[in-house]
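Residue numbers (the working numbering): 4 to 351.
By construction, the Cβ of each residue, glycine as well, lies at the ideal position given by its N, Cα and C atoms.
For clarity, every value in this text was computed on a predicted model and none was experimentally measured.
A short write-up of the structure that comes next.
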């Protein structure tokens, strides 16, 4: 039996939950009887049924389960959380073999699901398409292995490496670099992450909404680094009906949806931001600028992935874009734009 074929289907199913399952992982499951898929499912949203539950429920003839295998992209849980443990359901369904992509790094699971199944006579194997599974769940794995969120840097630049024009006093507004249709993919990226971060100057100069209006999905939590409260109380940024967190040295009251996180004078701001996100169980953040904010995370090596969008134009002068060293894993063309995706650590 081709384990990789069925596991690939699990990963395809799991990816459908991207942006909706956090802080849970992305999980897909496929049930196979005599080399034929008779059921499949994925974890669709946080708090909802897990992939194994949806897969088992999708099987029309439950009598086939005792002679079937279940493929699942992450180790079945054996503890009670928002839903009952999946390992118990597999045992109750009399499925005799479980093929797993990855062991779950979460401390409440961490091999306990496999141990439970094996102790109860279920044949278990693990490691099919292991690297592919880790990449799909890179946010979840990073968070539970390091207690830090997965950090994505994103910026646009001209062909000759400028990310903004030179600003003069009271010079406001966005200097667009990329094709208008590129907004769709950028907003879809936002919908896939838990939070989005910018600095105070980006808010003051660009008045960004930081939402997903050009795509589908949920808006990420808005984060702003504004140590000295440069953004005025009546700035239009605060008028949007969206939750925000401001990192500042002093607290003030803006509205009921804006929270202030007080910064200390000892640690780098970037470290304080990530510690705050960890305390809130936020698995990922996309950082959209400006230059100082991006470079603060680059300097401290507190980034995992960079997404660099290069437009078709050249500018004679302006603000130079950040520089990162890493491993390019993807390059694609979108209209007149080039998109490069780079990881800080090599992806094997």
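Residues near residue i by beta carbon distance below 7 angstroms, same chain, minus five either side
i, result
"residue 7", "131 and 132"
"residue 297", "156, 158, 290 and 325"
"residue 286", "25, 26, 142, 143, 146, 152, 153 and 197"
"residue 295", "202"
"residue 178", "167 and 168"
"residue 21", "29 and 195"
Cβ-Cβ distance between residue i and residue j below 8 angstroms
i, j, result
"residue 73", "residue 34", "yes"
"residue 314", "residue 180", "yes"
"residue 90", "residue 119", "yes"
"residue 248", "residue 224", "yes"
"residue 290", "residue 327", "no"
"residue 27", "residue 47", "no"
"residue 129", "residue 76", "no"
"residue 97", "residue 69", "yes"
"residue 293", "residue 204", "yes"
"residue 182", "residue 338", "yes"
"residue 234", "residue 215", "no"
Alpha-carbon to alpha-carbon, residue j and residue i
i, j, result
"residue 109", "residue 147", "6 angstroms"
"residue 106", "residue 10", "14 angstroms"
"residue 19", "residue 319", "43 angstroms"
"residue 210", "residue 226", "14 angstroms"
"residue 238", "residue 140", "37 angstroms"
"residue 17", "residue 330", "25 angstroms"
"residue 317", "residue 161", "5 angstroms"
"residue 232", "residue 252", "8 angstroms"
"residue 241", "residue 222", "15 angstroms"
"residue 186", "residue 299", "25 angstroms"
"residue 53", "residue 217", "29 angstroms"
"residue 220", "residue 199", "14 angstroms"
"residue 269", "residue 332", "36 angstroms"
Cβ neighbours of residue i in the same chain (closer than 6 angstroms, five flanking residues each side left out)
i, result
"residue 145", "153"
"residue 42", "34, 58, 61 and 62"
"residue 334", "343"
"residue 283", "none"
Minimum C-alpha distance to residue i - residue among the options
i, options, result
"residue 324", "167, 184 and 277", "167"
"residue 244", "44, 267, 293 and 213", "213"
"residue 336", "301, 246, 270 and 188", "188"
"residue 127", "138, 288, 215 and 99", "99"
"residue 49", "233, 25, 70 and 178", "25"
"residue 115", "79, 292 and 334", "79"
"residue 29", "149, 272, 36 and 195", "195"
"residue 304", "322, 271 and 280", "271"
"residue 81", "64, 236, 113 and 235", "113"
Beta-carbon contacts of residue i that lie in its chain and below 8 angstroms, excluding the five residues immediately before and after
i, result
"residue 254", "263 and 265"
"residue 56", "44, 86, 89 and 92"
message: Does the stretch 336-351 come into contact with the stretch 306-315, if we say contact requires no fewer than three beta-carbon pairs (one atom in each stretch) closer than 8 angstroms?
response: Contact between the stretch 336-351 and the stretch 306-315 is present, with at least three C-beta pairs closer than 8 angstroms.
query: Pairing CB atoms from the stretch 226-235 with CB atoms from the stretch 270-278, are three or more of them under 8 angstroms?
result: A contact between stretches requires three or more CB pairs, one per stretch, nearer than 8 angstroms, and the stretch 226-235 meets this requirement with the stretch 270-278.
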